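**Student:** After the C-alpha cells below, expect a handful of questions from me.
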Amino acid sequence: MLSPEYLLTLIVFLPALWSIPLLWFDGKASDAIRYFGLLGTALTFGLTLQLLGQYDLTPAPEQLHEGMQFYFAKEWIPNWNVNFSLGVDGISLPLVLLTGLVSLLAMIASWSIEKHLKGYVILFLILETGMMGVFLSLDFLLFYIFWEVMLLPMYFLIGVWGGPRREYAAIKFFLYTLAGGVLMLIAMLMLYFGSGNSFDLLYLARVGQGLEKSFLLSKEFQITAFLLLFIGFAIKLPSFPFHTWLPDAHVEAPTPISMILAGVLLKMGGYGIIRIAFPICPLGAQYCAYGMVALGVFSIIYGAFAALAQTDFKRLVAYSSVSHMGYVLLGLAVWKVGEKAGDPNLHYWRMGVNAAMFQMIAHGISSTGMFFMVGILYDRVHHRDLNKFGGIAGLMPHYTGLAAGIFFAGLGLPGLCGFIGEIFSVLSCWSFDKTLAIIAASGVILTAGYILWTMQRVYFGPVYKGPHGEALVPLLGREKFVAYVLLAFAIALGVFPNALFQYMDPSIKTLVDNLDASVHPQLIETATTLVQ
Amino acid sequence: MDTGTVLRNLLTLAWLLPLAGFVAEIYALQLRWSHRLSKAPAQLAVACIGAGFLCSLSALLYWGSQTGWAGFSPADHGHHASEEHHGDEHADEEMPPADALHPSAPEAGEHAAEGESHGHTPAHAPKFYAGTFYKLATFGPLEITLDWYIDSLTLVMFTMVTFIATCIHLFAMGYMKDELTEEYEDHEVHLPGGHHFTRPGRFHRFFAFLSLFCFAMLGLVLAGNIFQVFIFWELVGVCSFLLIGFYVERHSASTAANKAFIMNRVGDFGFLIGLMILITSLGTFRFFDVTEDHVEKTGLFSLVRGNDGKLDVSDDKSVVQSVVYLRDSQGHRLVDGTTPRSISYLLLIAAGLGVFAGSIGKSAQFPLQTWLPDAMEGPTPVSALVHSATMVAAGVYLAGRFYPMFPPEVLLGIAYIGCITLFVAATIAVVATDIKKVLAYSTISQLGYMMLGIGVGGWAAGLFHLVTHAFFKSLMFLCSGSVIAGCHHVQDMRQMGGLRHKMPLTAYTMLVGVIAIAGLAIPGVGNALFGQALAFSGFHSKDAIVASALAFTELNSNQLHRLLFVVPLVTAGITAFYMFRLWFMTFAGQPRDEHVYEHAHENPAIMTLPLVVLSLLAAGCALGGEQGWLYSLLSYSETVPAVERLASERVASIVLPSHHDVHDVHGMAGGLALFAAFAGTATAYLLYCRKVVDPDDIRRQAGGVYDFLVDKWRFDTLYDVAFVRPCLVIGSWCQGFDQKVLDVVLHASAAITVVVSKWERTFDEGMIDGLVNLVGNSTTNFGRSLRVVQTGRLRQYVMWIAVGVVVLFAALFTALPK
Amino acid sequence: MEPVGLNAYLFVGAVLFVCGIVCMAIKRNGIGVLMGVELVLNGANLNFVAFARYTPLGLDGQVIALFVIVLAAAEAAVALAIALNFYNNHLSIDVDRGSELQG
C-alpha cells in the first residue's frame, strides 16, 4: 500500500524518471533499450492497477475530497496560488488505466522501430508522463502544463519517426493543439482572475456552480469561458470542423504513436470537457448544449461519410475516430433542463454522460486495435491503399479473425465494447431532441457500411493485389499478444459493461446532480429556506 | 428448485453450449485438438446443439408436466373465452382481470423474490417465468439488464431451433465434406491465369460459425427485454454475415454478406428509434414486472396493457393529443407526483413501427427484402438454418413477442407490409430458375404470410406458420442442398430434370415439403380422426392465416382491406404453382442436361437421414390443425389483444377479429385457399409436366412483365440509384469538403501568416532599421561636412576665435538686458 | 588734469589685446605669432591689474597677473621648443605650412 501522494506522483513521473537512465545507454543496444522502455511502461501500468486496487467503490466520506479519492495538494508557486494537487475519481480512473494499458501495448508495438531508438523511447516515456499528468492533475495550471508537455514529444514522434509527409502532419498537429491550448490559457486566466486568483479546479467548480458566495461568475462570463474551453477541447476530441489534423497525424505517425493518439490523446478532449468545462461553467454548458449535441451528431455522420470515401486504410480508421468521438460529444451534452431540479430528464443525461465516458474507453480499445491491425499490414507490405489489398483472409487467417473481432468492436456489434457506448449515448438523446436522435441513430447504417466494405476490400477476395505479397507472413508472438489483449478487453467490456459503469456512475451522478442543481438556483434557495 | 429455475437452467445450458462449442471449434487447429482433415469439430458442434436440443425438449416436457399438460391440449382457453361471450360485442369488457394480460389466468400474479417473476401464483400453472441474469448498467431508475423470459412460445422456439439445427448440422457434415482437405479448389473463383483458386479447407470454421449462430439465435429467443433482443438481433446478423460470406474468396459472396448486414442495419435503425422511444417514454426495456425491495418495477407489457390487456387511452378526440396512460401490474394508473404517467398514442405507434422496422429488415419484408435472395451465396445448410428456418423468422418471432405493445394501427401496417411482401416475392419466385433462389423468394413470401397473420390479429396463426414453415422450408433447402451436392454444384433448374430416378429419397422428401408449403389437403378424410382435413403442416397454418385475414376483412367496412384477404388467397395459388414448378423442373420429366444427369447421385445417409426426419415433421407437426398440440402450445401464450376483438378509431378505423370471429369464417377461408392451391398445382402440372403450353411462349408473350420480374421488380437498381450511390457521392463530398474547404482554409490562413510575416520583415528592415540608420548617417554626414572648417591653418583659427568672441560679446550685449 | 582713470588702462589693454590678436592672425612667422600671444596675455594682465587697482578686489588681480606671467614664460618655453622642432621638420617657421591637422 503506497500512500496516495507517492502512488499518484509516481504514476505521473515514473515514466519520465525512467527515461533518464536511458541517456547513458548505448544507442546501438536496441534490445536493451526496448526492454528497458517496456519495463518502464509495464511498471507504470502496474502502478495504475495498484491504483485500481486501492480505489474504493464505496468510500467513506472522510476518504473523499469533493468526490476525489487520494486527493492531495502541495504548495508549488505560492505567489500565484498554484498547487501541485493530484486526485482521482470515477471519471479519471478508467482513463488512467487506459493510458497505462495503451502505453504498454504501444511500447510492445514499437518493436519494429529502428531509427534513433533511444530518442524514441525517451520521448515516448515523457509523453506518457504528460498524459498521466493531464488525467490526474486537479490544478488548472498543472493541467495546462501537462497538456503542453505532452505536445512536444508528440510533435517529435510524428515529425521524426513518421511517414513521407511527417513534417506537414507534425506541424499541423502541433499548431492545432497549440491553438486549442492558447484558448484554454485565455479561459484559464479569465477564471483565475474571476475567482479571486485560484487555479484549483475543485474550487473553480464550486465558484462556477455558485456555491462560493464571495465570487459569482455571470452567465455571459461563463458562456465566453465555456466556448473558449470547448473549442480548445473540441480540437483535441476532435469534432467537426476542427478535425482535419487527425487524418494527417494518424496517417503519418508510426503505428504505436497512432495507437496512443487514437487511444489516449483524443480522450483528453472529452476528459477536459467533463472535468473542466462542464463543472466550472455549467451555465455556459447549458447554453451551448444543443449546439454541442448537434455538432456531435454531425461529426458522427460526417466522419462516417468521409470514411466511406477513403482509399487509405489508416485515413479511414482516422475518420472512423471522428465519427466515434461524435458519440462522446453527443452523450456528454444531452443536458435538458427540466422544470425543476431532479427532473426525470436528468437520468437520461446521466446515462448519456456515462455512455460518453464508456465510449471513450471503448474507442480507446477498439481504435487502438484498429490502428494496430492496420500497422501490422503496413509493416509487412508498406502500403495502405485499400484497393490494393484483398485475400488477406487466406494468407493470414489468424490475423484476419482478430482483426474482424476488433473491427466489429468498432462497428458497434453487441457483445463488444463499441456497442455499449454508442447505443446508450444514442438512446439518451431521444429525450433531448428527437430529430438529432434519429440522425444519430442513422449512423449505425453508415458505420456498418464503411467497416464492412473495408473488410471486404482488404481481407476478402481470392488474391492479394498489391506489392510485397511474399511479406505477408503470419502474426508474430508479440503482435498476437497485443491483439488478444485488446480483443479480450473489447469482449469483457462488451459483455460486462457494469464492471466499468460501477466505477464511473457514482462520480457522474454527483457531477450531473450538482450541475443540474447549479442551474436551478432559485429552487435551491427555496429549498434552503424550507429546511431552515 | 422451482419450475422457473429448472427451465432457466435447462435453456441457459442449451443456449451457452453452442458458445462453448464455437470457442473450441474456431481454435480447433490452434489448440491442436483437431486437424484440418478431421470431422471432430463438426462432431463437437453436433454434440453441443444436440445436447441443447435435449435440454430444450426436456424443458418443454418438464414445463408440460408442471402445468398438467394444459398447454398441449386443444381445449383452448381462448376459444372458451370467446364462446362464452358469443354474440356480445362488448363482452370482452367483462373479462375478469387477469394477470399479465393472459386471458385465462385466474388471478393476479405474485412476484417471487430475487427479481424473478412469474406470470402467476404457484398454485396455478404460470403463463411465463422470467428473471434477470445480470445487470448491464444502471442509471438511477433506468436499468438495462440481461433477462430471461420463458413461456410456451420460448419453449417451442427453443425446441424447434435446436432440433432443426441438429438436423442441419448433421446434413452439413456430409454437405461440407469437400472442405476436409488441404487443397480445396473453389470452382466459382477464377484467377487471372485461367485456373481455379485453391485454399486449405475450412471445415472447422464453418461449424464454429454455425455454433455461434445457434448461440445468438437461442439468446434472442430467451431474451427477457427488448434491448436484449436487439443485442442478439445484431449477433445473429453478424453470424449471418459470416456464414453468407463463408466463401470469402468469392466477390459475390462477400458482397451479399455486406448487403445482408447493411440492409439489416437499415431495419435496426428503425429498431433503435423504437428503443429510444421506449426507454425515454416508458423507462424500461423489460417485458415483465419485477419486484425488488418491495418496489414494483413494471415491465413494458403491464405498463401499456395493464392487467386486462387493454390500452388505457385518454378520451381526447384529437389523435395528436390522445395519450395512453401507463399502469402497473394491478391495473392502477401510475402517477408521477400528481400527473398520471402516460405515453402519447402516436409515440406508441412510432415505437411499434420502429421495432417492426427491425423485423422488416431481419425477416426480409418489403421494402428490405432484396438481401435474402443474395444471401443464398452461403452454403446451403446455412440457407436452410439461418435464412429460412430460424434467423429470418426471428422478425416474426419479435412481432409476436412484442405483440402486446402494438396498437391496432401498427398491426394494420404489419398486415399490409406482409401482404405486399408475400405477393411481390411470390411473383419473382415464378420466374426464378436458380433452385435456391426460388426457395429464397418463397421464404420471403411465407414470412409475409406470417406477418400478415400477426397483423390481422391471428397471433397464434402467424407463429404457427413460423414453426411449420421452419420444418418444411428447412427440409426443402436441405433437399435442394442434396440436389446441388448430387449434381456437383449445379443450381440452375434448367439443367436439371428427371432427377427423381437418380435421387429418389431427396425427390420424395422434397415432394412432402412442396405439398406442405402449397397447402394441399384431402378434404373430408381426416375429419373423422382430427376434426380437420388430412393435410401436411403447411395447409393448417396457412389456413389459419387466411381465415384470420378473411375475418379481418369481414369486420372492416373499408374495401381496401379486402386486399388483405384476396392477395394472400391469390398468392396461395401462385405458391402452389411455383413450388410444383420447381419440383417438376428438377425431379420430373426428362433430363435437360445429360452431363449433369449422368453424374448425379444420391447422397450418403448422413445427408438423407435429416431429410427423412424433417419430412416426417413437415408432414405431421401440425397434425390436428388448430386442435393439435402445436397450435395449442403456441396459443397457450396468447395475450388478451390476440384473443379478443380489438378496435381502434384513432388513426385508422380498424377492428381486429377475435378468436370467435376467425372461427366463424374458418371453413370458407379454408375452402377457398384449398381451391387456390389446387388451381396453382394444376397449372404447374399442365405447364411443366404435361407441357400443354410451352412456358417459353408465355415468356415471349409477356416479355415486359417477365423482365420486370426477373429483375426482381428492379428494387436493387432503385436502391443502388437512390441510396448506395448518393451515399458514396456524399462521402466523397465530405472528403472533398475536408480537403477543398477545411484544409484550404487552414492552408490559406497559414499562407496569409507567411505573407504577413514577409511584410513585417520588409517593414522591420525598411522602416525601423532605416530610421536608426538615418540618425547615424546624418550625424556622420554632419560631422563630415564640418571637416572643411578644420583647415589646420593657425591664423585662420585665431581669426575665428576673434570673430567668435566678438560675436559672443555682441550677442551678449544685445541679448542681455541692461 | 584729471587723474588717469580705469578707462585709460582698459583702453590700453584693449589696444594691446587687439594688436596681439591681429599679430596672431596675420603673422605667418611662428615667432611673430608667439609675440602676438604675449601681447594678448599682457593686455589681459593689464586689465587684471587695473581692475585690482580700481575695484575692491584687493590683491587678486596682481596675483593672477603674476600667475599669467609665470604661465606665459612656461608657455613661451614650450612654444619656442615647438617652433624649433617645427623648423627642424619644415626648415621654416611659417605656420601656414603646418596644416597637417587639417580635417
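If you read the protein sequences in the order shown, they are chains A, B and C.
Per my numbering, residue 634 is the first one in the first sequence, and the count goes up by one each step.
Per my numbering, residue 5 is the first one in the second sequence, and the count goes up by one each step.
Per my numbering, residue 59 is the first one in the third sequence, and the count goes up by one each step.
The beta carbon of each residue, even a glycine, is placed where N, CA and C say it ideally should be.
Bear in mind that the values here come from a model prediction, so they are computed numbers and not experimental data.
(1) What three-state label does DSSP hand V802 (chain B) in the structure shown?
(2) List the residues of chain C that A806 (chain B) touches, going by C-beta distances under 8 Å, in chain order.
(3) Return the residue from the list B:K131, B:S256, B:M221 and B:I805 that minimises the CA-CA distance to V193 (chain B).
(4) Around the C-beta of P912 (chain A), are 16 or more other C-beta atoms found within 10 angstroms, so that it is buried, or is it exposed?
(5) Against chain D, does G156 (chain C) count as a neighbour if the rule is that its beta carbon must be under 9 Å from one of theirs?
(6) Smallest Cα separation from E187 (chain B): which of B:A464, B:R40 and B:M480?
(7) Against Q943 (chain A), what residues of chain B qualify as contacts under a CB-to-CB distance less than 8 Å, listed in chain order?
(8) Any C-beta of chain C sitting closer than 9 Å to the C-beta of V802 (chain B)?
(9) Is DSSP giving S157 (chain C) helix, strand or coil here?
(10) Use the C-beta contact count for H84 (chain B): other C-beta atoms within 10 angstroms, 16 or more gives buried, fewer gives exposed.
(11) Taking DSSP as the reference, what is the three-state secondary structure of T158 (chain B)?
(12) For the segment 717-733 of chain B, enumerate the residues whose C-beta is nearer than 7 Å to any C-beta of chain A, in chain order.
(13) Can you pull the chain A neighbours of P145 (chain B), defined as C-beta to C-beta under 9 Å?
(14) For E845 (chain A), which three-state DSSP category applies?
(15) So within the segment 149-229 of chain B, which uninterrupted alpha helix (DSSP H) runs reach at least 4 residues, ignoring any that extend past its ends?
(16) Going by CA-CA distance only, name the one from B:E189, B:G228 and B:I30 that's closest to T16 (chain B).
(17) In this structure, how does DSSP classify P101 (chain B) when only helix, strand and coil are distinguished?
(18) With distances taken from CA atoms, which of B:M409, B:G466 and B:A264 is nearest W375 (chain B)?
(19) State the beta-bridge partners of M701 (chain A) as determined by DSSP.
(20) Please work out which residues of its chain come closer than 7 Å, Cβ to Cβ, to V666 (chain B), disregarding the five sequence neighbours upstream and downstream, and give them in chain order.
(21) Is the CB-CB distance between T1001 (chain A) and V767 (chain A) below 9 Å?
(22) Going along the chain, which residues of its own chain have a beta-carbon closer than 6 Å to the beta-carbon of D722 (chain A), five neighbours each way excluded?
(23) Could you compute how far the alpha carbon of L64 (chain C) sits from the alpha carbon of Y801 (chain B)?
(24) Round the Cβ separation of I53 (chain B) and C218 (chain B) to the nearest angstrom and send it over; I've been treating them as touching at under 8 Å.
(25) From the beta carbon of Y138 (chain B), is the nearest beta carbon of chain A less than 9 Å away?
(26) G94 (chain C) CB to nearest chain B CB: under 9 Å?
(27) Secondary structure at I710 (chain A), three-state DSSP: helix, strand or coil?
(28) Within 10 angstroms of its Cβ, does H90 (chain B) collect 16 or more other Cβ (buried), or is it exposed?
(29) Taking the Cβ atom as the reference point for each residue, do L1144 (chain A) and V986 (chain A) lie within a distance shorter than 9 Å?
(30) Give me the chain A residues within the contact set of R823 (chain B), using Cβ-Cβ distance strictly less than 7 Å, ordered along the chain.
(31) Inspect the beta-carbon positions of L963 (chain A) and C1050 (chain A) and report whether they are closer than 9 Å.
(32) What did DSSP end up calling I488 (chain B) once you bin it into helix, strand or coil?
(33) Using the beta-carbon count (16 or more within 10 Å), is I84 (chain C) buried or exposed?
(34) Decide yes or no for the touch test of the segment 975-983 of chain A against the segment 1022-1038 of chain A: beta carbon pairs closer than 8 Å, at least 3 of them.
(35) So with Cβ pairs under 9 Å, would you call D340 (chain B) a contact of chain A?
(36) What is the residue span of the beta strand (DSSP E) that E296 (chain B) lies within?
**Tutor:** Looking at the atomic coordinates:
(1) Looking up residue 802 (chain B) in the second sequence gives position 798. It is helical.
(2) Position 802 of the second sequence, counting from 1, holds the residue named residue 806 (chain B). Listed by position along chain C, the residues whose Cβ is nearer than 8 Å to that of A806 (chain B) are I79 and A83.
(3) In the second sequence, residue 193 (chain B) corresponds to position 189, counting from 1. V193 (chain B) has its Cα closest to that of B:S256, out of B:K131, B:S256, B:M221 and B:I805.
(4) Start at 1 with the first residue of the first sequence, and residue 912 (chain A) comes out as number 279. Counting other Cβ atoms within 10 Å of its Cβ, P912 (chain A) reaches 16 or more and is therefore classed as buried.
(5) As a matter of chain content, chain D is missing from the structure shown, whose protein chains are A, B and C.
(6) The sequence position of residue 187 (chain B) within the second sequence is 183, counting from 1. The residue from B:A464, B:R40 and B:M480 with its alpha-carbon nearest to that of E187 (chain B) is B:R40.
(7) Reading the first sequence from its first residue, position 310 is the one you call residue 943 (chain A). The contacting residues are Q739.
(8) Translated into the one-based positions of the second sequence, residue 802 (chain B) becomes position 798. Closer than 9 Å to some Cβ of chain C, the Cβ of V802 (chain B) qualifies, so yes.
(9) Residue mapping note: residue 157 (chain C) aligns to position 99 of the third sequence, counting from 1. If DSSP states are grouped into helix, strand and coil, S157 (chain C) belongs with coil.
(10) As a first step, residue 84 (chain B) must be located in the second sequence, where it is residue number 80. Low local confidence applies: a pLDDT of 41 at H84 (chain B) is under 50, so the model's placement there is unreliable, and no value is given.
(11) Along the second sequence, one-based indexing puts residue 158 (chain B) at 154. If DSSP states are grouped into helix, strand and coil, T158 (chain B) belongs with the helices.
(12) Within the segment 717-733 of chain B, the qualifying residues are C731 and L732.
(13) Counting from 1 along the second sequence, the entry for residue 145 (chain B) is found at position 141. Simply P977 and H980.
(14) Working through the first sequence from its first residue, we reach residue 845 (chain A) at position 212. Per DSSP, reduced to three states, the secondary structure at E845 (chain A) is coil, with no helix or strand assignment.
(15) Counting whole runs of 4 or more residues, the segment 149-229 of chain B contains the alpha helix (DSSP H) stretches 156-179 and 207-226.
(16) As a first step, residue 16 (chain B) must be located in the second sequence, where it is residue number 12. With distances taken between Cα atoms, T16 (chain B) lies closest to B:G228.
(17) Taking the second sequence and counting its residues from 1, the one referred to as residue 101 (chain B) is at position 97. At P101 (chain B) the pLDDT is 38, less than 50, meaning the model places this residue with poor confidence and gives no usable figure here.
(18) In the second sequence, the residue the question calls residue 375 (chain B) occupies position 371. Considering only alpha carbons, the answer is B:A264.
(19) The residue given as residue 701 (chain A) occupies position 68 in the first sequence. M701 (chain A) is bridged to A:H698.
(20) Along the second sequence, read from residue 1 onward, the residue named residue 666 (chain B) stands at position 662. G462, A551, S552 and A555.
(21) In the first sequence, residue 1001 (chain A) corresponds to position 368, counting from 1. In the first sequence, residue 767 (chain A) corresponds to position 134, counting from 1. Contact: no.
(22) Here residue 722 (chain A) refers to the residue found at position 89 of the first sequence. Excluding positions up to five away in sequence, the list reads G700, M701 and S1140.
(23) Taking the third sequence and counting its residues from 1, one reaches residue 64 (chain C) at position 6. Taking the second sequence and counting its residues from 1, one reaches residue 801 (chain B) at position 797. The alpha-carbon separation between L64 (chain C) and Y801 (chain B) amounts to approximately 31 Å.
(24) Within the second sequence, residue 53 (chain B) is the residue found at index 49, counting from 1. Within the second sequence, residue 218 (chain B) is the residue found at index 214, counting from 1. For I53 (chain B) against C218 (chain B), the beta-carbon gap comes to about 5 Å, under 8 Å, which counts as contact.
(25) As a position in the second sequence, residue 138 (chain B) is number 134, starting the count at 1. For Y138 (chain B), the answer is yes, since a Cβ of chain A falls inside 9 Å of its Cβ.
(26) Taking the first residue of the third sequence as 1, we reach residue 94 (chain C) at position 36. For G94 (chain C), the answer is yes, since a Cβ of chain B falls inside 9 Å of its Cβ.
(27) As a position in the first sequence, residue 710 (chain A) is number 77, starting the count at 1. Strand at I710 (chain A).
(28) For this step, residue 90 (chain B) is matched to residue 86 along the second sequence. In this prediction, H90 (chain B) scores a pLDDT of 38, lower than 50, which makes its location untrustworthy; the coordinate-derived value is nonetheless stated afterwards. The residue is exposed, with fewer than 16 neighbouring Cβ atoms inside 10 Å.
(29) Here residue 1144 (chain A) corresponds to residue number 511 of the first sequence, with the count starting at 1. Here residue 986 (chain A) corresponds to residue number 353 of the first sequence, with the count starting at 1. Their beta carbons are under 9 Å apart, which means L1144 (chain A) touches V986 (chain A) by this criterion.
(30) Given a span of 5 to 822 for chain B in the structure shown, any question on residue 823 (chain B) remains unanswerable.
(31) Along the first sequence, one-based indexing puts residue 963 (chain A) at 330. Along the first sequence, one-based indexing puts residue 1050 (chain A) at 417. With a cutoff of 9 Å on beta-carbon distance, L963 (chain A) and C1050 (chain A) are scored as not near each other.
(32) In the second sequence, residue 488 (chain B) corresponds to position 484, counting from 1. The DSSP-derived three-state label of I488 (chain B) is helix.
(33) Residue 84 (chain C) sits at position 26 when you count from the first residue of the third sequence. Within a 10 Å sphere around the beta-carbon of I84 (chain C) sit fewer than 16 other beta-carbons, which makes this residue exposed.
(34) Verdict: no, contact absent.
(35) Numbered from 1 along the second sequence, position 336 holds the residue referred to as residue 340 (chain B). Cβ-Cβ to chain A under 9 Å: yes for D340 (chain B).
(36) Along the second sequence, one-based indexing puts residue 296 (chain B) at 292. Residues V294 to E296.
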